[in-house]
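Residue numbers (UniProt numbering): 1 to 474. By construction, the Cβ of each residue, glycine as well, lies at the ideal position given by its N, Cα and C atoms. What follows is one structure encoded as structure tokens, with my remarks underneath.
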Ligand SMILES: [Zn+2]
């Protein structure tokens, strides 16, 4: 119950800040954008625009409505590997079954026609490239050229099915609409949509919000405008500015059509892999070697194409999300601060981090660097949109000091735990060989739980209050 109260209190703070934030937009003379601040809590009558327009409630209706061509693609897609394997093996068996004189004749025939065969291969490649070139288009907002083999409408229909599955999976965990947490997310989404109506597609996407009661730090948006936010994310964000940045990032994915773009890339890679797989299964003398070759090919495609492409799209969503937030008068410095927080959580919890080159997402550190680089431009955009000036101190500097203190505390706690463990061992006078590292780890883990459990945000806020006046003075 205490946990539930903390969640409510934490959400209440975000909710109050949101009211404050919207109030600042309605009455620019009221300075509500300080970070974090509660100065406006008592100043409302709340004058939110009516929650309508692009933000709608979901309806549990509509079954599978994908058109036949799309369904056919879904069915045929998993078959490409099987087809390639069967074709490659058949070629290998046919070659092995040939008498040696016929094999020699075939080699001579191929050598004599090598230029013609190479010409046919090159022509085929050119034809395929030209075919794909007709599917090139520019991304909205960033104007980047990309391959899109699905029309936006077709892809939205395709993902309707996935949305239905999420509704089925999480339907029982949705918090009710009247819950302040749901209201906060809904209003931030609507506010971002309202302030970015000039962006292509913003008005045509029927944004809907679902908040899932689960301690997962995640949120995602479907191409059809359905936004799913886990309550774990609401606890992880430090204030409404961070929440707006996170939601801006997710909306950017949907607006730019990143899912359709990734599916298009997968489509092209599937076609290329079909050719490679056929060759692997035809050339490798044994099935076991062919399987190994297939596994290596799969990993290489992932590491060289899939993952870097996914990281590129994430960076683009950060960039566009920051722009959406800037135009909505959000304190854009909250973007890097959010990732500073995530990095700090990992550092203190000593979470093992995946190397960036095998990850689908940029590392926290890369995101902070990228966003820091984009913040000055976003502040200018904010000013051009008539937003009130950002207050001092810079929340990034404030958070850096907090992070430094928390890390020092964690280090002290770790050393203290080690000392206590040694003293306990000495006091027990046991001859039995104990495992000091394990003991220390358990104590540290317990301390970290205290540092990073639901009291985290409260602690960070208290520390921030401690640090802010000092930063002001310097
Ligand atoms: Zn993302």
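Relative to the alpha-carbon of residue i, which residue among the options has its alpha-carbon at the smallest distance?
i           : options            : result
residue 133 : 370, 402, 148, 346 : 148
residue 476 : 309, 166, 124, 131 : Since the first residue shown for the chain is 1 and the last is 474, residue 476 is missing from the structure and cannot be characterised.
residue 217 : 175, 231, 211      : 231
residue 240 : 162, 221, 325      : 325
residue 84  : 358, 294, 130, 305 : 294
residue 521 : 200, 124, 330      : In this structure the chain extends from 1 to 474, so residue 521 is not present and cannot be described.
residue 234 : 95, 199, 179       : 179
residue 125 : 271, 184, 205, 194 : 271
residue 267 : 317, 306, 206, 296 : 306
residue 360 : 262, 97, 297, 349  : 262
residue 258 : 379, 401, 373, 316 : 316
residue 287 : 79, 80, 89         : 89
residue 338 : 318, 91, 350       : 318
residue 207 : 123, 198, 228      : 228
residue 184 : 215, 155, 242      : 242
residue 402 : 415, 381, 298, 340 : 340
residue 496 : 281, 396, 372      : Because the chain is modelled from 1 through 474, residue 496 falls outside the range shown and cannot be assessed.
residue 226 : 170, 396, 405, 100 : 170
residue 250 : 114, 314, 118, 346 : 314
residue 137 : 247, 396, 152      : 152
residue 186 : 200, 192, 193, 209 : 209
residue 202 : 252, 419, 155, 292 : 252
residue 396 : 238, 150, 353, 112 : 238
residue 162 : 100, 411, 220, 173 : 220
residue 385 : 356, 198, 423, 422 : 198
residue 502 : 135, 156, 91, 354  : Because the chain is modelled from 1 through 474, residue 502 falls outside the range shown and cannot be assessed.
residue 86  : 394, 155, 291      : 291
If residue i and residue j are in contact, beta carbons under 8 Å, what's the gap, nearest whole angstrom?
i           : j           : result
residue 188 : residue 244 : 5 Å
residue 285 : residue 254 : The pair is not a contact, with the Cβ atoms about 48 Å apart (cut-off 8 Å).
residue 301 : residue 264 : The pair is not a contact, with the Cβ atoms about 15 Å apart (cut-off 8 Å).
residue 275 : residue 320 : Rounded, the Cβ-Cβ distance is 35 Å, inconsistent with contact.
residue 335 : residue 322 : 5 Å
residue 332 : residue 398 : About 15 Å separates the two Cβ atoms, so there is no contact after all.
residue 141 : residue 182 : Between residue 182 and residue 141 the Cβ distance is about 28 Å, and since that is not below 8 Å, they are no contact.
residue 358 : residue 303 : 6 Å
residue 407 : residue 368 : Contact doesn't hold; Cβ gap of about 15 Å is too wide.
residue 342 : residue 364 : 5 Å
residue 328 : residue 195 : 4 Å
residue 277 : residue 297 : 7 Å
residue 247 : residue 192 : 6 Å
residue 311 : residue 362 : 5 Å
residue 213 : residue 175 : 5 Å
Would the beta-carbon of residue i be found less than 7 Å away from any heavy atom of ligand 2?
i           : result
residue 135 : Ligands in the displayed structure: ligand 1; ligand 2 is not one of them.
Can you confirm whether residue i, when its beta carbon is compared against all beta carbons of chain B, has any partner nearer than 8 Å?
i           : result
residue 289 : Annotation note: the requested chain B is absent from the structure, which comprises a single protein chain.
Alpha helix (DSSP H) runs contained entirely in the region 136-178, provided each spans 4 or more residues
152-170
3-residue-minimum beta strand (DSSP E) runs that sit fully inside the region 212-297, ordered along the chain:
219-221, 226-230
Where are the alpha helix (DSSP H) runs, 4 residues long or more, that stay fully inside the region 298-368, in chain order?
307-327, 334-349
Counting by C-beta, which residues lie closer than 6 Å to a heavy atom of ligand 1, in chain order?
249, 253, 314, 317
Whole alpha helix (DSSP H) elements within the region 374-414, 4-residue minimum:
none
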